[in-house]
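Have a look at the structure below, then the notes.
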Amino acid sequence: MDRFDEMQVFVAVVQQGSLAGAARVLQRSPPVITRTLNALEARFGTTLIERTTRQLAPTETGWQLFEQARQLLADYQSALDSAHHSGMHGLLRITAPVMCGRRHVMPLVNAFLQQHAEIQIELILHDSYQDLIENGLDIAVRIGALQDSSMVARKVGDVRSMLVASPAYLQQAGEPSHPAELSRHALVTGVRHTREWRFMQDLRVRITPRLRVNDIASQLDALRNGQGIGRLLSYQVIDDLQSGALVRLLPEWEPAPLPVNLVAQRVKNMAPKVRRFWDFALEALPPRLSLADEFLKQDCNS
Numbered sequence: 001m002d003r004f005d006e007m008q009v010f011v012a013v014v015q016q017g018s019l020a021g022a023a024r025v026l027q028r029s030p031p032v033i034t035r036t037l038n039a040l041e042a043r044f045g046t047t048l049i050e051r052t053t054r055q056l057a058p059t060e061t062g063w064q065l066f067e068q069a070r071q072l073l074a075d076y077q078s079a080l081d082s083a084h085h086s087g088m089h090g091l092l093r094i095t096a097p098v099m100c101g102r103r104h105v106m107p108l109v110n111a112f113l114q115q116h117a118e119i120q121i122e123l124i125l126h127d128s129y130q131d132l133i134e135n136g137l138d139i140a141v142r143i144g145a146l147q148d149s150s151m152v153a154r155k156v157g158d159v160r161s162m163l164v165a166s167p168a169y170l171q172q173a174g175e176p177s178h179p180a181e182l183s184r185h186a187l188v189t190g191v192r193h194t195r196e197w198r199f200m201q202d203l204r205v206r207i208t209p210r211l212r213v214n215d216i217a218s219q220l221d222a223l224r225n226g227q228g229i230g231r232l233l234s235y236q237v238i239d240d241l242q243s244g245a246l247v248r249l250l251p252e253w254e255p256a257p258l259p260v261n262l263v264a265q266r267v268k269n270m271a272p273k274v275r276r277f278w279d280f281a282l283e284a285l286p287p288r289l290s291l292a293d294e295f296l297k298q299d300c301n302s
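Every letter in the sequence shown is one number past the one before it in the UniProt record's numbering, and letter 139, counting from 1, is 139.
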């Protein structure tokens, strides 16, 4: 038995007023309590508790040790409580793509904050790559191939890259039946677009956008207003597909789905607040992402 444990036994004996009481509180056998007290007195070289058939009474030295030991145990428990408390308070920094963050991550953040009143969260929504170490971030939601193999990643779902346009545009310009026909259509893209779009069977189609916009929400506005055909991710267009504001085009030519991963610097020895949100997101994100995928599969089969 270590010396800290001896202090616990000694304090319990004094507080309970009997060896049996200390044994009951500490869930030890009375012989163990007796042996521990004897060992402690042998270590100090003096009697700490006078024992009679009727009562136990600490000696003067015993009282001095009791006060010091009680404070020591209280300080130890306070330190444990403080360490546990500090692990579940403070700032948690998370990043995600803008619309994915709004649709899927923000609801998780709201629920997590309701459960943990002393946590603060900074959610950075940005469509460009955010380095976790360089930017002091705890957790990221990444779409597509991971750039840093040193990070810990867990897949939570898939998203699809799809062509969409408004019914009004299609009524005016016609609906393409093959990706090669896109060259005859007005196209809406981001500013940092590639010179070609890739499709199934390694088909590549060179594109010349009519409109380039560096904001997804503005691209969607342009598409809803009949400016052309755009290529966006499923979570970005799912609401418009469900409402009928946009129509999905050439689903049979869509490239393979892109993985969605939850990413962190490490899982082992995570700070408690980071680990708690990590586990929370691992459970909550897959069903959220699968709902859109189920609708798209039904839409593709209809």
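Even glycine gets a Cβ: it sits at the ideal position worked out from N, Cα and C. Quick caveat, the model's predicted, so the values are computed rather than measured.
- Secondary structure of D131 (DSSP, three-state): coil.
- Measuring C-alpha to C-alpha distances from A284 to each of P272, P107, D239 identifies P107 as the nearest.
- DSSP, read as helix, strand or coil, puts E50 in strand.
- Looking at N261, M270, Y169, the one whose alpha-carbon comes closest to that of Q147 is N261.
- Here DSSP, grouped into helix, strand and coil, assigns T95 to strand.
- Residue pairing by DSSP puts I119 in a beta bridge opposite G90.
- Unbroken beta strand (DSSP E) runs of no fewer than 3 residues, entirely contained in the region 216-253, are found at 229-233, 247-249, following chain order.
- Nearest to S243 by alpha-carbon distance, out of P167, A281, D131, V25, is P167.
- T189 has R212 as its beta-bridge partners, per DSSP.
- Our two residues, P272 and Q115, have alpha carbons roughly 14 Å apart in a direct line.
- DSSP places S183 within a helical segment (H, G or I) once states are collapsed to three.
- Around the beta-carbon of Y235, 16 or more other beta-carbon atoms lie within 10 Å, marking it buried.
- Under the Cβ criterion (8 Å, minimum of three pairs), the region 186-197 does not count as touching the region 133-142.
- H126 sits away from V152, with the two beta carbons spaced by 8 Å or more.
- Contact between V25 and A39 is ruled out by a C-beta separation of about 19 Å, above the 8 Å threshold.
- The beta-carbon distance between I119 and I94, rounded to whole angstroms, is 11 Å. This is too long to meet the 8 Å contact definition.
- By the 16-neighbour rule on beta-carbons within 10 angstroms, P287 is exposed.
- Residue burial annotation: M7 is buried, with at least 16 other C-beta atoms found within 10 angstroms of its C-beta.
- DSSP places L170 inside the alpha helix (DSSP H), whose first and last residues are 167-173.
- Contact annotation, L203 with Q219: C-beta distance approximately 23 Å; criterion of less than 8 Å not satisfied.
- In the displayed model, I207 falls within coil according to three-state DSSP, outside both helix and strand.
- Take L289, set aside five residues on each side of it, and the residues of its chain with a beta-carbon closer than 8 Å to its own are H104, V156, G157, D158, V159, Y235, V260, in chain order.
- When the Cα atoms are used, Q130 and L249 turn out to be separated by approximately 32 Å.
- For A222, the CB contacts under 8 Å within the same chain, skipping 5 residues up- and downstream, are V188, L211, V213, G228, G230 in chain order.
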